[in-house]
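Engineer: One structure, pasted below without further comment.
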Amino acid sequence: MSKGFFNIPVAKNEPIKSYTPGSPERTELKKMISELRAVELEIPMVIDGKEITTDRRVRIFPPHDINHTLGYYYQGDASHVQMAIDAAMHAREKWNSMAWHHRAAIFLKAADLFAGPYRAKINAATMLGQSKNAYQAEIDAACEMADFFRFGVRCMTDIYKMQPESAPGIWNYNEFRALEGFIFALTPFNFTSIAGNLPAAPAMMGNVVVWKPSKTAVYSAAVIMEVFREAGLPDGVINLVFVGGPAAADVMLQSPDFGGIHFTGSTGVFQSIWKTIGENIYKYKSYPRIVGETGGKDFIFADPTADPQALAIAMLRGSFEYQGQKCSAASRAYIPESIWDEVRERFGNELATVKMGPPEDFTNFINAVIDEASFDKLKEFIDAARKDADAEVIFGGKCDKSVGYFIEPTVILAKKPDYITMVEELFGPVLTIFVYADEDLDKTLDILDKTSAYALTGAIFSQDRYNIEKMTKRLENAAGNFYINDKPTGATVGQQPFGGARGSGTNDKAGSVFNFLRWTSIRTIKENFVSPKSYMYPNFLPDQE
Ligand code: NAD
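Start counting the sequence shown at 92; every next residue gets the next number (the numbering used here).
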C-alpha cells in the first residue's frame, strides 16, 4: 500500500531530435542500423516471462530491400494463445494489488529507456522493419512512445483523483479496480508507439494483457518487449504472441476470462471482432470493454481564400509522409477551381523534389509500402484509375517491386466526387483530388460529409473567418480530429487526443484519460461512521396535541 499521496513527474512531450548531418543522434542511429543489418535475429514469443520458440520460423525482411534477411520470428498457434491467457490470469492478482506508484515507475522507466539508451534501437528497428524514414521513426517510435507512457501515468493518476463528495458522518470513495479478466491487445503495423501503447495502457491500470502484434511489425515489437522487461514489468503481465490474427482472436474471444480488446487496425477486422464478441456474450464473466480505432478516409477541404503554398505543403506532407500509411493521412482533397491551377503547379513543383528509396539513405522522403499485398492492391487502384474515364493520374503512379515495395507518390484527379478512390481507404501514397466550382462550396461540403463511411481526421484551409466558422460547424461529425490551416496528421499525445467516430472507431482517444477510463471498473465504497440504531424516520413521531 502507498504511504503518501505522491506527485508524479510532470509529463512533457519528448523533444524531437533533428538527425542533421554530424549530429550525435545521426551517428548513433546509422551505427545501430549497420549493426542490425549485420546480424540475423531470432525472435521468440514471450509468455510468462519465458522466451518461447516453435518449429515454425518466419523470415523478416525490410519492405524496401526484400532480399535482405533481418531475422526470423517463431510462429505460434492456438496452444500458445491459451498459454498466454493462463499466464496473464495467473499474474493478475499480484499485479492488480501492486501499489499504483510502482506500476507507474515501470512505465516511466520504460519511457526514459525509449527516450535514452533504446532510442537508436527502437528507431532503427522501425526504419528497417517497417520502412520508415528517420524523422518519421523518431516522432513515432521514440517520442510518441515516451509520450504515451508519461502522459499515461498522468491519466492514471488523474483518474485515481476522481473521487465523490462525502456527506457529514460518512466517507465515500472510488476504488479503480482492474477489469476481471485479461485484455487482448491487437496492434497494427504502422505505428510502433501504438503497438507499445495498446498493451501498456490497460497494464498501467492494473490489467494483464495478451498482445498480438502485426506480423509486419514483429521486429520492432521485440524491442518494445525487451524494454518492458528491462523496465521491470513482472512476468505474465504482458504476454507477446506471434499467432495469426483470426487464430488468436478465436481462442481469446471464446475465453470466459476475456475482459476487453484494445484494438487499432482496419475497420473490417474490428467489425468482425465486435460481431464475434456479440455472439459469445453469454460466455463471458463480465461485459468486455471494446475499444477500437480503425480506418479513415481523411480529407483536406480548401475554400477560394486558401493560401495555395500552405495548402500544397499540407497535401504533400499530409498525404505522403510514411507513404500515406497513417490512419490520419489525407487521401481526398476538395479544391475550388479558382485556385486549382496555382495549387497544382506549386504542388507539382514540390512533389518533383521528393526523393524515394530506402530509409537507410536519410535524404529519402518516401520509402516502401509495408508488404506485397498492400503493393499489389495499390497498383491495382492506380492501374484502374489510368483506364477510367472518370479519373486521371496527374502525378506519379510508377510501381516497382523488384527490390522493395516502392510506389511513387500518386495523385489522381477525380472527375466525380464519388470516384472509388475518393471513397475507399487505400492506405498508401495515393491522394485523390476533386476540383469543385467555387459557387458549389456548400454543396461540396455536403458531398464530403456523406461520401465516406469514416470520420477520423480532416483539415480545412481558408483565410475567411466566416467560412472557417461555417465549415467547422458543417463538418462537425466528419472528423474526430479536425485541423484548421494545417495538415490532418501528426496528432501529439497530451495536445490533440486522437480518434474518430462513424466507421473510424469508438473514439476513445488514445493516450487520453477518456481511453484510460475504459480499463478500469470502479468500486464505490461508502463507510458510515455512526450507524443508525433505529429504523424510525423522524416523521413517524405523532403530532403534538
Ligand atoms: P489490420 O486490421 O490488417 O491488422 C491489425 C491487427 O489485426 C494485426 O495485428 C493483424 O494481424 C490483426 N488481424 C488481421 N486480420 C484479423 C482477423 N481477421 N482477426 C483478428 N485479427 C486480425 O490493420 P493494419 O494493416 O495493421 O493497419 C492499418 C489499418 O489500421 C488502417 O485501416 C488504418 O487506418 C488503421 N489505423 C487506425 C488508427 C487509428 O487511430 N484510427 C491508427 C493506426 C492505424
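Where is the CB? At the ideal position from N, CA and C, for every residue including glycine.
These figures come from a predicted structure and were not determined experimentally.
Is it the case that the Cβ atoms of residue 244 and residue 99 are separated by a distance below 7 Å?
Structural biologist: In this structure, residue 99 lies closer than 7 Å to residue 244 by Cβ.
Engineer: How is the beta strand (DSSP E) around residue 453 delimited, first residue to last?
Structural biologist: No beta strand (DSSP E) contains residue 453, which DSSP labels as neither H nor E.
Engineer: Out of curiosity, what's the CA-to-CA distance linking residue 562 and residue 536?
Structural biologist: Taking the straight line joining both Cα atoms gives about 7 Å.
Engineer: Please list the terminal residues of the continuous alpha helix (DSSP H) segment that includes residue 290.
Structural biologist: That run of the alpha helix (DSSP H) goes 283 to 295.
Engineer: Given a cut-off of 7 Å, decide if residue 350 and residue 274 are closer than it, judged by their beta-carbon atoms.
Structural biologist: The answer is yes: Cβ separation under 7 Å.
Engineer: Any heavy atom of the ligand NAD within a distance shorter than 6 Å of the CB on residue 279?
Structural biologist: Answer for residue 279: yes, Cβ within range of the ligand NAD.
Engineer: So residue 616 is in the beta strand (DSSP E); what residue range does that whole segment cover?
Structural biologist: Residues 612 to 619.
Engineer: Answer yes if the region 291 to 307 comes into contact with the region 601 to 616, meaning at least three C-beta pairs across the two stretches below 8 Å, and no otherwise.
Structural biologist: In short, these stretches touch, since the Cβ pair count reaches three.
Engineer: Give every residue of the same chain whose Cβ lies closer than 8 Å to the Cβ of residue 165, excluding the five residues on either side of it in the sequence, and list them in chain order.
Structural biologist: Within the same chain, residue 165 has close Cβ partners 133, 134, 135, 136, 143, 144, 145, 147, 148, 149, 333.
Engineer: Could you pull out every residue in the same chain whose Cβ sits closer than 8 Å to the Cβ of residue 106, ignoring the five residues on either side in sequence?
Structural biologist: Only 234 meet the Cβ criterion.
Engineer: By the DSSP assignment, the alpha helix (DSSP H) with residue 267 in it spans what residues?
Structural biologist: Residue 267 -> not in any alpha helix (DSSP H); beta strand (DSSP E) instead, spanning 261 to 268.
Engineer: Ordered along the chain, which non-local residues of its own chain (more than five positions away) have a Cβ less than 6 Å from that of residue 197?
Structural biologist: Excluding positions up to five away in sequence, the list reads 322, 323, 324.
Engineer: Below 8 Å, can you find three or more Cβ-Cβ pairs linking the region 242 to 261 to the region 299 to 308?
Structural biologist: Touching, no.
Engineer: Can you list the alpha helix (DSSP H) stretches of 4 or more residues lying completely in the region 528 to 610, in chain order?
Structural biologist: Entirely contained in the region 528 to 610, the alpha helix (DSSP H) runs reaching 4 residues are, in chain order, 532 to 542, 556 to 565, 604 to 607.
Engineer: Could you name each continuous alpha helix (DSSP H) segment of 4 residues or more that falls completely within the region 372 to 431, going from the start of the chain to the end?
Structural biologist: As far as the region 372 to 431 is concerned, its whole alpha helix (DSSP H) runs of at least 4 residues are 399 to 411.
Engineer: Using DSSP's beta-bridge definition, name the partner residues of residue 66.
Structural biologist: Since the first residue of the chain shown is 92 and the last is 636, residue 66 is not available in this structure.
Engineer: What residue range is occupied by the uninterrupted alpha helix (DSSP H) comprising residue 324?
Structural biologist: Careful: residue 324 lies outside any alpha helix (DSSP H) and carries neither H nor E.
Engineer: What do you get for residue 241, buried or exposed, if any count of 16 or more other CB atoms within 10 angstroms of its CB means buried?
Structural biologist: Classification for residue 241: buried.
Engineer: Going by DSSP, what residues sit across from residue 490 in a beta bridge?
Structural biologist: DSSP lists 498 as partners of residue 490.
Engineer: Just curious, the alpha helix (DSSP H) that residue 216 is in, first and last residue?
Structural biologist: Here the alpha helix (DSSP H) through residue 216 covers 210 to 221.
Engineer: On a Cα-Cα basis, can you pick out the residue from 578, 208, 181, 587 that is closest to residue 401?
Structural biologist: Checked all of 578, 208, 181, 587; the closest Cα to residue 401 is 578.
Engineer: Taking only runs that begin and end inside the region 323 to 363, name each unbroken beta strand (DSSP E) of 3 or more residues, in chain order.
Structural biologist: You should have 329 to 331, 349 to 355.
Engineer: With DSSP collapsed to three states, give me the class of residue 111.
Structural biologist: Residue state, collapsed to three classes: coil.
Engineer: Kindly examine the ligand FMN and report whether one of its heavy atoms sits closer than 6 Å to the Cβ of residue 518.
Structural biologist: Here the bound small molecules are the ligand NAD; the ligand FMN is not part of this structure.
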